[in-house]
Amino acid sequence: MSVKIYIDGQEGTTGLKILERFEGRNDIEILKISEELRKDSAERARLINMSDYTFLCLPDEASREAVSFVDNDHVRIIDASTAHRTNPQWAYGFPELSAEHRAKIEGSNRVAVPGCYASGFNAIVYPLVSNGIIPADFPVFAYATSGYSGAGKKAIAVYEGEDKPYEYGSPRQYALSQQHKHLPEMQKISGLSHTPMFNPIICDYFSGMVVSVPLQTRMLENKTTAQAVHEMYAKHYEGAKMVEVMPLMSIDEQKSFFLASNTLSGINKMQIFVFGNDEQILLCSRLDNLGKGASGAAVQCLNIMMGIDETTGLV
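If you read the sequence shown in my numbering, its first letter stands for residue 1, the second for the next number, and so on.
Here it is, written out as structure tokens:
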């Protein structure tokens, strides 16, 4: 028997990708809204309450409005906006972070899909804090390179248009005021007591990202090594199907290695890397901002909520 799925915001980048990931699945039925009623509140409410699971791929206020439409206890919501990611009543949709996160996703009717940058950041920093490598008040800095697909339809049109501005051919730093919308989520989920500094960089390629966190061990009360940090990640993510801790490279291997940001474009997994040496450790996560960083994560959460193999439709 199939379950009924409605995607509110199915014309956006994330909504379209979720639809793609459902192709060929016979265990779900997609409820479609007609083009002329896409923004009609009454029709949206009708379809939400007809569904077993509704994905919200909307701006924050529209997502909050959509949740208010629910009047049927069986409807389970998977929200891909920022609206509910720091709400303790919602499960945070990154099951690999801990057994507690996975259990909450399994049993919840409300799941918030992580942001793409926050996914990469929390995959690195949550284990550092929870395993005692860094204290909660450690001054964390992160930077990230990302493809332009996460910037929305208007930005995609500019990047792919014939009149693309000259500057768009270069990596561009943004959110320079240190008020990026993912920061509250990055702090809360990772367990940090202070907001981290974050330097996102948008680049002229479609999708994929790398989030990097440098760690100078002289600042740690309990000094560690690159080998010890790598072993910690390997143990933390042992058995994870969508997160892979990559082998630790020797210094000589690192000298000739380039970490590309688009390698996992179109692939629903994340890779964790430990680089550097025992004095300066560089921690990196690589993922597709449209995959494990958005639509892939949303579908993985659905699969877990349905009680089926979490990789269904993703590998």
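We put the beta carbon where it would ideally sit given N, CA and C, even for glycine.
Because the structure is a prediction, the values reported are computed rather than measured.
> Cβ of R110 within 7 Å of any heavy atom in the ligand COA?
Replying inline: Among the components of this structure there are no ligands whatsoever, and the ligand COA is therefore not found.
>> One question on the structure: do G239 and N268 come within less than 8 Å of each other, judged by their Cβ atoms?
In response: Reading the sequence shown from its first residue, position 239 is the one you call residue 239. Reading the sequence shown from its first residue, position 268 is the one you call residue 268. The answer is no: Cβ separation not under 8 Å.
> With 16 other CB atoms within 10 Å as the buried threshold, where does Y166 fall?
Replying inline: In the sequence shown, counting from the first residue as 1, residue 166 sits at position 166. That one is exposed.
>> If you measure between the beta carbons of V274 and V210, is that distance less than 8 Å?
In response: Along the sequence shown, one-based indexing puts residue 274 at 274. Along the sequence shown, one-based indexing puts residue 210 at 210. It is not a contact, given that the beta carbons lie outside the stated cut-off.
> Shortest alpha-carbon distance to E221 belongs to which of G152, D278, E244, F138?
Replying inline: Position 221 of the sequence shown holds residue 221. Minimum Cα distance to E221 is reached at F138.
>> Any contact between the stretch 117–136 and the stretch 178–188? By contact I mean 3 or more CB pairs, one from each, below 8 Å.
In response: yes
> Between the Cα of A326 and the Cα atoms of R44, Y53, S51, N72, which residue gives the shortest distance?
Replying inline: Limits of the chain in this structure are 1 at one end and 315 at the other, which puts residue 326 out of reach.
>> Taking the beta carbon of H74 as the centre, do at least 16 other beta carbons fall within 10 Å, making it buried, or is it exposed?
In response: Against the sequence shown, residue 74 aligns to sequence position 74. Under this definition H74 is an exposed residue.
>> According to DSSP, is N26 part of a helix, a strand, or is it coil?
In response: Here residue 26 refers to the residue found at position 26 when the sequence shown is read from its first residue. Of the three classes helix, strand and coil, the one that applies to N26 here is coil, per DSSP.
>> Looking at the secondary structure, which residues open and close the alpha helix (DSSP H) in which T13 lies?
In response: As a working note, residue 13 is residue 13 in the sequence shown. Where T13 is concerned, the enclosing alpha helix (DSSP H) stretches over 13–21.
>> Please identify the residue among K4, A226, D71 whose C-alpha is closest to the C-alpha of A42.
In response: Locating residue 42 in the sequence shown gives position 42, where the first residue counts as 1. For A42, the nearest C-alpha among the options comes from D71.
>> Helix, strand or coil, according to DSSP, for L192 in the structure here?
In response: Within the sequence shown, the letter at position 192 stands for residue 192. If DSSP states are grouped into helix, strand and coil, L192 belongs with coil.
> Taking DSSP as the reference, what is the three-state secondary structure of E310?
Replying inline: Translated into positions along the sequence shown, residue 310 becomes position 310. It is coil, neither helix nor strand.
> Hey, how far is the Cα of I124 from the Cα of S285?
Replying inline: Residue mapping note: residue 124 aligns to position 124 of the sequence shown, counting from 1. Residue mapping note: residue 285 aligns to position 285 of the sequence shown, counting from 1. Distance between the alpha carbons of I124 and S285: 7 Å.
> Between Y6 and Y148, what straight-line distance do the alpha-carbon atoms span, to the nearest angstrom?
Replying inline: Walking along the sequence shown from the start, residue 6 turns up at place 6. Walking along the sequence shown from the start, residue 148 turns up at place 148. Looking at the two C-alpha atoms, the distance is approximately 27 Å.
> If you count every other CB in all the chains shown that lies within 10 Å of the CB of Y159, and 16 or more means buried, which is it?
Replying inline: In the sequence shown, counting from the first residue as 1, residue 159 sits at position 159. With 16 or more Cβ atoms within 10 Å of its Cβ, Y159 is classed as buried.
> If V111 and I78 are in contact, beta carbons under 8 Å, what's the gap, nearest whole angstrom?
Replying inline: For the purposes of this step, residue 111 is identified with residue 111 of the sequence shown, where counting begins at 1. For the purposes of this step, residue 78 is identified with residue 78 of the sequence shown, where counting begins at 1. That belief holds up - the Cβ atoms of V111 and I78 are roughly 5 Å apart, short of 8 Å.
>> So, for I272: in the same chain, excluding its five sequence neighbours on each side, which residues have a beta-carbon less than 6 Å away from its beta-carbon?
In response: Against the sequence shown, residue 272 aligns to sequence position 272. Cβ within range, chain order: Y233, V245, S285.
> Got a sec, what are the start and stop residues for the beta strand (DSSP E) C284 sits in?
Replying inline: Walking along the sequence shown from the start, residue 284 turns up at place 284. Note, C284: beta strand (DSSP E), 280–287.
> Shortest alpha-carbon distance to T224 belongs to which of L282, I28, R76?
Replying inline: Residue numbering aside, residue 224 sits at position 224 when the sequence shown is read from its first letter. Measuring from the Cα of T224, the nearest candidate turns out to be L282.
> Does the Cβ of R76 have 16 or more other Cβ atoms within 10 Å, making it buried, or fewer, making it exposed?
Replying inline: Position 76 of the sequence shown, counted from the start, is the residue given in the question as residue 76. Classification for R76: buried.
> What's the gap between the Cα of A297 and the Cα of D252?
Replying inline: Translated into positions along the sequence shown, residue 297 becomes position 297. Translated into positions along the sequence shown, residue 252 becomes position 252. Cα to Cα, the separation comes out at about 35 Å.
>> So, for T311: in the same chain, excluding its five sequence neighbours on each side, which residues have a beta-carbon less than 6 Å away from its beta-carbon?
In response: For the purposes of this step, residue 311 is taken as the residue at position 311 of the sequence shown. Excluding residues within five positions, the ones whose Cβ falls inside 6 Å are K241.
> Do C57 and G15 have their C-beta atoms within less than 8 Å of each other?
Replying inline: In the sequence shown, residue 57 corresponds to position 57, counting from 1. In the sequence shown, residue 15 corresponds to position 15, counting from 1. Yes.
>> Distance cutoff 8 Å, beta carbons only. Does E23 sit that close to anything in chain B?
In response: Given the protein chain composition of this structure (a single chain), no chain B is represented.
>> Using 8 Å for Cβ pairs, my map puts E96 next to Y237. What's the rounded Cβ distance?
In response: For the purposes of this step, residue 96 is identified with residue 96 of the sequence shown, where counting begins at 1. For the purposes of this step, residue 237 is identified with residue 237 of the sequence shown, where counting begins at 1. 6 Å between Cβ atoms; contact.
>> I need the DSSP call for K181, collapsed to helix, strand or coil.
In response: Looking up residue 181 in the sequence shown gives position 181. Under the three-state reduction of DSSP, K181 is assigned to coil, being neither helix nor strand.
> Among R38, I201, Y53, F198, which one has its Cα closest to the Cα of I18?
Replying inline: Along the sequence shown, one-based indexing puts residue 18 at 18. Checking every option, the nearest Cα to that of I18 belongs to Y53.
> Taking the runs of the alpha helix (DSSP H) that are 4 residues or longer, which of them lie wholly in the stretch 123–164?
Replying inline: 153–160
> If you draw a straight line from the C-alpha of D60 to the C-alpha of N289, how long is it?
Replying inline: Start at 1 with the first residue of the sequence shown, and residue 60 comes out as number 60. Start at 1 with the first residue of the sequence shown, and residue 289 comes out as number 289. If I take the Cα positions, the gap works out to 19 Å.
> Taking the beta strand (DSSP E) that E100 falls in, what are its first and last residues?
Replying inline: To locate residue 100, count along the sequence shown from 1; it is residue 100. Run containing E100: none in the beta strand (DSSP E); it sits in the alpha helix (DSSP H), 99–107.
> From which residue to which residue does the alpha helix (DSSP H) around A260 run?
Replying inline: In the sequence shown, the residue the question calls residue 260 occupies position 260. Careful: A260 lies outside any alpha helix (DSSP H) and carries neither H nor E.
> Thinking just about the alpha-carbon of each residue, which of V140, T82, N303 is nearest to the one in L192?
Replying inline: Here residue 192 refers to the residue found at position 192 of the sequence shown. Taking only the C-alpha atoms, the option nearest L192 is V140.
>> For a test of the three-state rule: what should DSSP assign to M50, helix, strand or coil?
In response: Position 50 of the sequence shown, counting from 1, holds the residue named residue 50. If DSSP states are grouped into helix, strand and coil, M50 belongs with the helices.
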